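Asker: A single structure is presented below for examination.
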Amino acid sequence: MQPTIEILERTKKNSETNKDEVFTRLYRYLLRPDLYFIAYKKLYANNGAATKGVNDDTADGFSEEKVNNIIKSLADESYTPNPSRRTYRKKANGKMRPLGIPTFTDKLVQEVLRMILEAVYEPVFLDCSHGFRPNRGCHTALKKVKYHFNGIRWFIEGDIKGCFDNINHGVLVSIINKKIKDARLIKLIYKFLKAGYLEDFQYNSTFSGTPQGGIVSPILANIYLHELDKFVESQSSLFNKPAENRLTDEYTHICNQIAYVRKQIKKASDENEKSALLLKLKQLGMEQRKTPSKSQTDKKIVYIRYADDFLIGVNGSKEDCQRIKNELSAFIRGALKMELSEEKTLITHSNQYARFLGYNVRVMRNGVIRPNGRGATQRTLSNRCELTIPLQDKIMRFLSDNKIIGQKKNGEIEPIARLSLLRLTDLEIVGSFNAELRGICNYYHMAGNFCDLSYFGYLMEYSCLKTLAAKHKTSIGKIRQKYRDKKGGWCIPYDTKKGTKHLHLAKYSDSRDVKNPSDTIPSVAMIHKNTRSTFEERLKARVCELCGTTESEHYEIHHVNKIKSLKGKEPWEIMMIAKRRKTMVLCRKCHAKIPK
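In our numbering, the protein residues as written are 246 to 841.
What follows is the structure in structure tokens.
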């Protein structure tokens, strides 16, 4: 049988070649077992693989029998998704974000469904969309802003109110039905949308929205918001107009004067006349550098979206921006049955900062003269888009929220010991600080004021040292002396099979030139093409990896969330630690002996 992933890759190419193609009979791919082994391989390593939904179904216990039962229920259309378990996560603004945790079986089916939908829709999505897509993320969206928003005069910061919670099920299904004519697949999607959720042991129906936390939710949201992308693109083609004149009349007049004076200098024979002309040329040059060059008679819309946050750059008047905002609001309300957040959808002049994906964005008006790399000088920074770090809102708030800094009596801040980390080993304490420091510095590596993070690095280092000192009830100086690395710094030594290694505290500057700071998602087809999942091979080998029996009727995968949580007392724990694997294929008899 041809691997299904190759069929999906062919489907993706067909969708890319013919954007208007309508697909049928996609549901049959849900009945092919090889996709479920690929889905399991993708899901089992996640921290949430061992998190329970409304029942005890987790990544533990995966088997061929489980896959066959799923396929059988999908084939006779008796498959019914379980309601998600509702939990909440705190947002940056203090509000709580609801998250739905599906059962692991539902996660498997959703992941397979996501792969099918991605093959159809990924080639159709527009280039302006960056959220929850392969090889795209926050940094690809920010790069587009940095290089495509040069010379923009106005920003419209967009935010859809409660986007994920207010997706209209009827509108979503009708949008999908335009591209996919497969009643069984549409019915399955509708089942997931209407599955409901369980909160405080009480079932609640879902009348709108896709649950945040569901595997298939991001691509469904992208399919829904693709209609918004198309609308803005159509408005852009109607609005865009080239400039009547590239340069202003004043700037053109000065350029003509400079050209005339230069000709006069070449013709001048008298030194006094030549000196006067050179002085006039210098004065004209100073005047030219103060005069705006761009005529600003063009009209243009530039649009970038990440999930439900979007930024629109407008060359035009403020009245144009207000009209565009009103048209967007009317479209979102009418076609998408959602609301544009009035308090978050702002019109900002580009010489002031707009906020997008945690960065401050503005267009610089800088008259500094620099070499342009072509043998001449010019205002290279004028009208350039700049990304900066909102230090007070993001960095200082992070330090304060995580008890990394405190405040003296005189109001000054100082690094403090993190009491919540005292129970960890020295190696784990430094590792925790490293993860946070690298994460923030990697994310903000594109910022023009990246060097301001040196103070952040200083606060993190001394908070780390104070935490280690508090743990050992000693001073920072003695900690430095204990862990000195003979190079003027300090590090934590730890033993490995290859000898002693050392863990240094990360430096903020190491993130400046990081090549791939975002989590890129490689194409599944490229990874798995012409290969078989190791889980499929291990299950089909029909050998218990603990007792070695080959005579059992059923073999299942035992899954643990973290290897370091194993104590190494039981034989199965010793084997998993030795193999450094979170999974083990067991016969049903051996699996039943392991406490759940």
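All C-beta atoms, glycine included, are put in the ideal place defined by N, C-alpha and C.
Predicted, not measured: the structure shown is a model, and the values here were computed from it.
Excluding the 5 residues flanking D427 on each side, which residues of the same chain have their C-beta closer than 8 Å to its C-beta?
Answerer: Result list for D427: F268, T269, R270, L271 and Y272, in chain order.
Asker: Considering only the alpha carbon of each residue, which of T249, S627 and F282 lies closest to L784?
Answerer: F282
Asker: Return yes when the Cβ of S756 is within less than 8 Å of the Cβ of N687, no when it is not.
Answerer: Against a cut-off of 8 Å, the Cβ pair of S756 and N687 comes out as a contact.
Asker: Is DSSP giving I346 helix, strand or coil here?
Answerer: The answer is strand: DSSP assigns I346 an E or B state.
Asker: Is E478 helix, strand or coil when you go by DSSP?
Answerer: helix
Asker: When the Cβ atoms of the region 790-803 are set against those of the region 824-835, are three or more pairs found closer than 8 Å?
Answerer: yes
Asker: With the cut-off set at 8 Å, would you say S329 and Y469 are in Cβ contact?
Answerer: no
Asker: Check the DSSP bridge columns for R550 and list the partner residues they point to.
Answerer: S374 and F555
Asker: If we call anything under 8 Å between Cβ atoms a contact, is C630 one with W399?
Answerer: no
Asker: Does the beta-carbon of K389 have 16 or more other beta-carbons within 10 angstroms, so that it is buried, or is it exposed?
Answerer: buried
Asker: What residues are listed by DSSP as bridge partners for H749?
Answerer: C736
Asker: Only counting runs of 4 or more residues, tell me where the alpha helix (DSSP H) segments fall wholly within the region 652-721, in order along the chain.
Answerer: 671-688 and 698-717
Asker: Can you list, in chain order, the residues of its chain whose CB lies under 8 Å from that of K335, leaving out five sequence neighbours each side?
Answerer: M341 and R342
Asker: Within this structure, are the beta carbons of L465 and T455 separated by less than 8 Å?
Answerer: Yes, the pair counts as a contact, with Cβ atoms nearer than the cut-off.
Asker: How far does the beta strand (DSSP E) with Q447 in it extend, from its first residue to its last?
Answerer: Q447 to N449
Asker: Does DSSP put K486 in a helix, a strand or coil?
Answerer: strand
Asker: With three or more beta-carbon pairs closer than 8 Å as the criterion, would you say the region 523-542 touches the region 498-505?
Answerer: Under the 8 Å Cβ criterion, the region 523-542 counts as touching the region 498-505, having at least three qualifying pairs.
Asker: Going residue by residue through the region 376-422, where are the continuous alpha helix (DSSP H) segments of at least 4 residues, counting only ones entirely within it?
Answerer: The qualifying runs are 383-393.
Asker: Can you tell me which of Q533, G306, P248 and T296 puts its alpha carbon nearest to the alpha carbon of H803?
Answerer: G306
Asker: State the CB to CB distance for the pair P326 and D351, rounded to an integer number of angstroms; the pair is presumed to be in contact (CB under 8 Å).
Answerer: 5 Å
Asker: Let me know if Q355 comes out buried or exposed under the rule of 16 or more other beta-carbons within 10 Å of its beta-carbon.
Answerer: buried
Asker: Quick one, are the C-beta atoms of P487 and D543 less than 8 Å apart?
Answerer: Yes. Within cutoff.
Asker: Going along the chain, which unbroken runs of the alpha helix (DSSP H) with 4 or more residues stay wholly within the region 537-616?
Answerer: 563-579
Asker: Between the C-alpha atoms of E266 and K257, what's the straight-line distance to the nearest angstrom?
Answerer: 11 Å
Asker: Hey, how far is the Cα of F409 from the Cα of S810?
Answerer: Distance between the alpha carbons of F409 and S810: 35 Å.
Asker: Measuring only the C-alpha atoms, how far is E444 from G676?
Answerer: Going by the C-alpha atoms only, they are around 36 Å apart.
Asker: Shortest alpha-carbon distance to G561 belongs to which of V461, I546 and Q652?
Answerer: I546
Asker: Determine contact between the region 513-527 and the region 475-491, defined as no fewer than three beta-carbon pairs at a distance below 8 Å.
Answerer: no
Asker: Tell me which residue opens and which closes the beta strand (DSSP E) that T262 is part of.
Answerer: Where T262 is concerned, there is no enclosing beta strand (DSSP E), although the alpha helix (DSSP H) it sits in stretches over T249 to T262.
Asker: Which residues share a DSSP beta bridge with V830?
Answerer: I802
Asker: I need the straight-line Cα distance from D243 to E261, nearest angstrom please.
Answerer: No answer is possible for residue 243: it lies beyond the span of the chain, which begins at 246 and ends at 841.
Asker: Report the residue from F377, K742 and L698 whose alpha carbon sits nearest the alpha carbon of R550.
Answerer: F377
Asker: Cβ of L644 versus every heavy atom of the ligand NAP: is any distance shorter than 7 Å?
Answerer: This structure lacks the ligand NAP, and indeed carries no ligand of any kind.
Asker: Check the DSSP bridge columns for Y333 and list the partner residues they point to.
Answerer: P343
Asker: Note down the Cα distance separating Y324 from S318, rounded to an integer number of angstroms.
Answerer: 5 Å
Asker: If you draw a straight line from the C-alpha of I685 to the C-alpha of H747, how long is it?
Answerer: 23 Å
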